[in-house]
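Using the working numbering, you'd call the opening residue of the sequence shown number 48 and step up by one each time.
Beta carbons: idealized from backbone N, C-alpha and C, even for Gly.
No experiment lies behind these values; they were computed from the predicted model shown.
Comments concern the structure below.
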Amino acid sequence: MTSHAVEPEHARRTWTAKLLPAVLVCLAAPVLFVVQIVWLGWIVLALAVASAVVVDRRAGVPILPGQRADPAPSIARDVFLIALGQFVVSLIPLKAELDDAAFVRFTLALGGAVLLPYVLSRFVFHDRAIRFPWRGGGRWAWWQWAWLAGVIVLGWLILPFYFVTSGVYMNWPVVDTPELIARLFVGVGAVGIWDELFFVCTVFALLRRHFPDVSANVLQAIVFVSFLWELGYQAWGPVLTIPFALVQGFLLLRTRSLWYVVTVHLLFDAVVFGVLVHAHNPDAVSIFLI
């Protein structure tokens, strides 16, 4: 087996020594983005990487590239890449802001969180675990088109009620000028695309090399939902974001199309955008809640 191979589903087990570093690296996310004790989150990330190194050494799996032909994927490499991405994101506050400085911060941090693990995996570890299958999956099936319509309907039925009744719309700035509306549109869409590049194509892809798809999906959802919490999806937001994160992971496995997964996310975010634009206007909010 090469270093970039994924074991067949039936050969992957949840309850192995690899689970400890995987759980640690994912539990670092609530520490970093929910509790927001950054230094403690970094310690958890370090413990995750250290424990993964111990697991690889005990299993005889080489960690550094070029030592010999890898008999199995290295949990130390993959946990390190996940930890690196979270570390980069944790370097900035995730408060939703629309000024130029915030756009630069988000671009550098979120871009680095995707780019650095990809570059290290591909060009240092000579690995192809992280992929972005934009052209995968072929033509969309009828159920995929039906789900796109369903996402719009569900978004319209759920999101206005959630944002307004919970008051979490206050976590986003008021957008009352064309420039701010345009900035919000770009920001919401860009972060939505990034979510799929990092949480699904990076975190989920790396974890499912070691664990069954369901287990890997649950683990990536911990990271996904924690990030969304700091971004503003608080109060009872996890009731919505947990199933959303799990469904997105499942959809990529089922469709093998990043285009489709991103389209689903952007349709959902289009409703979010509409709610945020109108949330500070009582008359507009009443229309959403009818």
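Report back the beta-carbon spacing between residue i and residue j to the nearest angstrom; my notes put them in contact at under 8 Å.
i: Ala123; j: Val96; result: 7 Å
i: Val272; j: Thr288; result: 5 Å
i: Val311; j: Val198; result: 6 Å
i: Asp125; j: Ala176; result: 7 Å
i: His257; j: Arg105; result: That belief does not hold up - the Cβ atoms of His257 and Arg105 are roughly 15 Å apart, past 8 Å.
Shortest alpha-carbon distance to residue i belongs to which of the options?
i: Leu350; options: Phe315, Val171 and Ala263; result: Here the chain comprises residues numbered 48 to 337, so residue 350 is not present and cannot be evaluated.
i: Leu275; options: Glu226, Pro290, Leu163 and Ala64; result: Pro290
i: Trp219; options: Thr154, Ala149 and Glu243; result: Ala149
i: Phe320; options: Val238, Val108 and Ala188; result: Val238
i: His325; options: Ala263, Leu138, Trp241 and Pro207; result: Pro207
i: Val215; options: Gln281, Leu71, Ile228 and Gly88; result: Gln281
i: Leu313; options: Arg178, Glu226, Leu195 and Thr212; result: Leu195
i: Leu36; options: Tyr307, Val101, Val100 and Val72; result: Because residue 36 is not part of the residues shown, which for the chain are 48 to 337, the question remains open.
i: Thr224; options: Ala99, Val108, Trp306 and Leu145; result: Leu145
i: Ser98; options: Arg178, Ser121 and Phe134; result: Ser121
Can you tell me which of the three DSSP states residue i falls into?
i: Trp219; result: coil
i: Glu144; result: coil
i: Leu227; result: helix
i: Leu162; result: helix
i: Ala331; result: Since pLDDT at Ala331 reaches only 48, below the 50 mark, its modelled position is unreliable, and no value is offered.
i: Val250; result: helix
i: Gly207; result: Inspection of the sequence shows that residue 207 is occupied by Pro rather than by Gly. Correct three-state label for Pro207: helix.
i: Tyr280; result: coil
i: Trp62; result: coil
Taking C-beta to C-beta, are residue i and residue j nearer than 8 Å?
i: Asp316; j: Gly185; result: no
i: Val85; j: Leu92; result: no
i: Thr302; j: Gly132; result: no
i: Val322; j: Phe210; result: yes
i: Phe246; j: Ala193; result: no
i: Ile338; j: Val309; result: Look at the range of the chain in this structure, 48 to 337, and you will see that residue 338 is not part of it.
i: Trp189; j: Val318; result: no
i: Val102; j: Ala156; result: no
i: Pro259; j: Thr61; result: yes
i: Leu141; j: Glu277; result: yes
i: Trp89; j: Phe134; result: yes
i: Leu305; j: Phe153; result: no
i: Leu338; j: Leu266; result: What the structure shows of the chain is the stretch from 48 to 337, and residue 338 is not part of that stretch, so it cannot be assessed.
Comparing the C-beta of residue i with each C-beta of chain D, is any distance below 8 Å?
i: Cys73; result: Absence of chain D from the displayed structure is noted, only one protein chain being present.
Please determine whether the Cβ atom of residue i lies at a distance below 7 Å from any heavy atom of the ligand SAH.
i: Val250; result: Ligands in the displayed structure: none, and consequently the ligand SAH is not present.
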